[in-house]
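S.K.: Going by full-length UniProt numbering, the first residue of the sequence shown is number 1, and it counts up by one from there. The beta carbon of each residue, even a glycine, is placed where N, CA and C say it ideally should be.
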Amino acid sequence: MDPRNHPEQVSLSPVNHTVDGRIGGSTRLPDDALHTNGEQTTVAFVKGGKRKRLSKEIPARDQISRSGEPSPPHPPLSTDEEYIAAPKRNRSNPTAGTASQLSPILHKVQQPQSKLLDRDTTHELVNLFFAHCNPHRMIFHKPSFSAELSHNRLPEYLVLVVCAVAAPLSKSVSSTASIARLAGVPFYEEAVSIMFDNAGRLLSEPCLATAQALCLMEMHEVAASHSWTKHYKYFDLALRVLEESLEVHVPDDKARRPASPTPPDSLDMYIERECSRRCFWLIQLMGWINAIYTYRPLRPRCVEMMATVRLPIDETTFDLAVHWHSATSEFIHAPAPRTRYASQFGHVLRILSLYSTVQAVVAMDESTVREAALRDCRKDLEEWDASLSGHLRFSEDNLEKQVSMFDTSSNTGAWCFCFMHALYPCSCLALAEGEGRLAEPVPWVRKQLGMIFDATGTRAKNTILSACVLWSYSKYHPDDPQLHIWDHDFEKTWGFSVTVVAHQWREVQAKERAANSPKNSPPQREQATEPAANSASVVNAAERHPVDLGEQPHGDAAVVQRYDFIPQGQYQRTVDTTAAEQIVQAPLLRPHRDPAPNLPSLKASGLLDARPPSEAFANGLTISSQSPLHRDDDRRSMATLLNSPVQLRGNMASAPWA
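1. Can you tell me whether residue 202 is helix, strand or coil according to DSSP?
2. Around the Cβ of residue 135, are there at least 16 other Cβ atoms within 10 angstroms (buried) or fewer (exposed)?
3. So, for residue 450: in the same chain, excluding its five sequence neighbours on each side, which residues have a beta-carbon less than 7 Å away from its beta-carbon?
4. Measure the alpha-carbon distance for residue 319 versus residue 410 and round it to whole angstroms.
5. How big is the Cα-Cα spacing for residue 115 and residue 188?
6. Which word fits residue 210, buried or exposed, when buried means at least 16 other C-beta atoms lie within 10 angstroms of its C-beta?
7. Please classify residue 434: is it buried, with 16 or more other beta-carbons within 10 angstroms of its beta-carbon, or exposed?
8. Tell me whether the beta-carbon of residue 380 lies closer than 9 Å to the beta-carbon of residue 357.
9. Pop quiz: residue 247 and residue 255 are said to be a contact at Cβ under 8 Å. What is the actual Cβ separation, rounded to whole angstroms?
10. Answer with buried or exposed for residue 113, where buried requires no fewer than 16 other C-beta atoms within 10 angstroms of its C-beta.
11. How would you call residue 415, buried or exposed, if buried means at least 16 neighbouring beta carbons within 10 angstroms?
12. Spell out a yes or no on whether the stretch 459-469 and the stretch 504-514 are touching, meaning 3 or more CB-CB pairs, one atom from each, closer than 8 Å.
13. If I measure Cβ to Cβ from residue 120 and keep anything under 6 Å in the same chain, skipping five residues before and after, which residues do I get?
14. What separation, rounded to the nearest whole angstrom, lies between the Cα atoms of residue 324 and residue 164?
15. Going along the chain, which residues of its own chain have a beta-carbon closer than 7 Å to the beta-carbon of residue 287, five neighbours each way excluded?
16. Touch check for the stretch 144-159 and the stretch 168-176: three-plus C-beta pairs under 8 Å?
17. Report the three-state DSSP secondary structure of residue 196 (helix, strand or coil).
18. Measure how close the beta-carbons of residue 351 and residue 472 come, nearest whole angstrom, since I'm counting them as under 8 Å.
19. Assuming residue 307 and residue 387 make a contact with CB atoms under 8 Å, what is their CB distance in whole Å?
20. Nearest to residue 252 by CA position, among 241, 342, 405 and 276, is which residue?
21. Please classify residue 421 as buried or exposed, where buried requires at least 16 neighbouring CB atoms within 10 angstroms.
22. I need the straight-line Cα distance from residue 437 to residue 155, nearest angstrom please.
23. In chain order, what residues of the same chain have a beta carbon less than 7 Å from the beta carbon of residue 495, not counting five sequence neighbours either side?
24. Under 9 Å between the Cβ atoms of residue 292 and residue 215?
25. Identify whether residue 468 lies in helix, strand or coil by the three-state DSSP scheme.
26. Please confirm whether residue 445 and residue 467 have their CB atoms less than 9 Å apart.
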């Protein structure tokens with residue numbers, strides 16, 4: 001039967017209109033009308049979705065008619081009230097409408113206040129940072145960072161310093177700067193204005209984000225000024241935050257838990273603890289690099305904390321944090337595990353420690369103690385190479401596999417592989433120099449370095465890997481044509497020649513050694529060559545050359561000062577080591593001369609027409625009360641002020657979070 005021939009079988013209610021002509025969606029039919037229409041209405045001849053809708057509406061109307069009083073009408077919506085309408089229901093998916101109605105209202109996300117952090121710039125620089133900026137990229141858990149950035153939960157100063165470090169690698173951003181390595185200065189300056197007051201006091205909360213930002217500020221300063229002569233004031237502040245607030249030296253099961261509903265063994269807590277340790281080891285990594293190339297002393301407190309702070313875990317487990325329970329606990333003085341999941345970052349730190357030891361021993365005068373220390377160094381280097389598991393040993397196949405990871409977002413393990421196998425041949429060259437066996441270029445050293453540079457391509461010159469290799473290799477083979485090709489590639493990116501700067505450094509160091517000769521300064525020379533055989537000799541040396549630095553274990557003081565902070569039992573354990581480990585600090589125990597001869601700055605080297613950022617922007621960060629001239633004369637004045645108990649506690653007390 002055709003429903004068109006029997007219209008009485010289908011009854012449609014007329015559409016009610018409001019006074020203003022709009023459809024009255026809330027108008028309700030009288031009860032008697034509902035009864036009448038309910039009896040006559042049928043859906044037998046209605047097709048498709050309309051039939052289904054009517055079959056649901058008819059029982060509902062019958063129920064409403066029997067319920068008595070109708071429900072009150074809905075109040076009209078205010079025109080001033082903002083809301084987000086639910087999407088139209090998809091009839092092909094009956095649950096779509098219900099899901100959309102149960103979803104929370106999406107509030108407008110607050111935009112960054114900084115004009116520098118527009119969406120395009122932030123997106124580009126953050127991705128460049130995680131693609132190229134090693135080793136400091138390793139102090140972040142990228143999945144967590146990306147999630148927090150997407151929800152705008154990161155402190156603005158942290159995003160600014162990330163962009164500051166990556167800015168030289170962006171063609172669009174670096175084109176606005178006079179020199180590419182200065183492209184991040186505007187981001188850096190704005191981050192400084194947020195984190196510090198005009199007197200240089202730290203205002204940011206002493207949390208992981210603050211420690212990470214301070215580390216990146218120091219790395220920006222190093223890259224922008226390529227100055228390894230200045231004091232690492234940001235690292236000192238970061239180290240204090242890591243120890244006193246984050247308790248990086250305390251085992252995870254004994255560390256204080258934050259007052260929050262987050263479970264103590266949650267992934268967030270694990271990631272924060274691991275990132276804190278990585279910040280500490282980044283500071284130590286740069287300390288070893290300074291000790292290798294500039295003979296700068298290690299931070300006393302870092303030397304103590306290395307015994308208790310775990311090494312970073314392997315990069316795979318770090319990225320896939322859900323497997324953190326299976327991570328291997330490694331320490332710098334313990335043998336490396338020969339497993340698949342040995343820490344790549346840990347192997348980099350081990351070879352840097354050995355390289356630093358070799359350089360310190362080579363700088364000693366000829367003696368039987370030096371010969372024994374050199375033998376220990378060779379043994380340690382051979383043991384390090386033998387400790388590498390199969391996938392971390394240097395070979396053409398392993399190099400190819402590691403380099404392929406550079407095309408992914410997880411490239412830190414590959415960078416560590418290349419860096420540690422570039423440092424190893426440099427260590428062997430230094431050892432050969434100490435043993436008197438260095439003549440023509442060592443074939444395997446040149447071949448291995450060439451393979452790494454060729455495989456990494458532009459990624460080598462974008463990081464400190466290239467600078468370290470060029471600095472070391474130029475000392476032994478300055479006329480190698482391949483060296484100048486690598487150096488030219490680095491100079492095109494960063495605007496200065498590593499070989500030129502390294503040569504100037506060595507000239508200054510040679511003059512310093514000549515000034516310390518027995519003819520000019522017998523007491524000082526005697527102390528510089530005296531091994532640290534026992535605690536009494538070290539204390540006597542400190543008494544002969546007093547340094548009024550106060551108790552500042554975080555600062556860049558002479559290493560002789562560190563024994564003042566070690567209990568007798570701990571010190572005895574320190575000196576009961578191999579000859580090489582006893583001698584490693586010997587060049588760093590040289591007395592402090594006031595004023596100390598400054599090594600050439602970037603401007604003095606003729607490589608920069610303007611002052612480097614470490615000088616040009618220091619006025620806005622002036623933590624020291626000294627004038628810039630006096631600050632240049634005393635390379636540890638910043639450490640004295642930062643670590644003075646009275647001054648620093650006073651600064652912290654004035655901060656909002658104190």
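M.R.: Result, derived from the coordinates:
1. Residue 202 falls in the strand class under three-state DSSP.
2. Of the residues assessed, residue 135 falls on the buried side of the cut-off, its CB having 16 or more other CB atoms within 10 angstroms.
3. Its chain contains 482 as the residues whose beta carbon lies nearer than 7 Å to that of residue 450, once the 5 sequence neighbours on both sides are disregarded; these appear in chain order.
4. For residue 319 and residue 410, the distance between alpha carbons rounds to 8 Å.
5. Straight-line Cα distance between these residues: approximately 13 Å.
6. With 16 or more other Cβ atoms inside 10 Å of its own Cβ, residue 210 counts as buried.
7. Counting the other CB atoms within 10 Å of its CB gives residue 434 a total of 16 or more, which places it among the buried residues.
8. At the C-beta level, residue 380 and residue 357 come within 9 Å of one another.
9. About 5 Å separates the two Cβ atoms, so the contact holds.
10. Label assigned to residue 113: exposed.
11. Buried, because 16 or more other Cβ atoms sit within 10 Å of the Cβ of residue 415.
12. Too few Cβ pairs lie closer than 8 Å, so no.
13. Contacts found: none.
14. Their backbone Cα atoms lie some 31 Å apart in a straight line.
15. Closer than 7 Å at the Cβ level, and outside the excluded window around residue 287, lie 298, 299 and 302.
16. Verdict: no, contact absent.
17. Under the three-state reduction of DSSP output, residue 196 falls in the strand class.
18. With a Cβ gap of about 12 Å, residue 351 and residue 472 do not count as contacting.
19. Residue 307 to residue 387, Cβ: 19 Å. No contact.
20. Shortest Cα-Cα distance from residue 252 to any of 241, 342, 405 and 276 involves 276.
21. The residue is buried, with at least 16 neighbouring Cβ atoms inside 10 Å.
22. Approximately 53 Å between the Cα atoms of the pair.
23. For residue 495, where only same-chain residues beyond five positions count, the Cβ hits under 7 Å are 179, 180 and 181.
24. Against a cut-off of 9 Å, the Cβ pair of residue 215 and residue 292 comes out as no contact.
25. Taken through DSSP and simplified to helix, strand or coil, residue 468 comes out as helix.
26. No. Outside cutoff.
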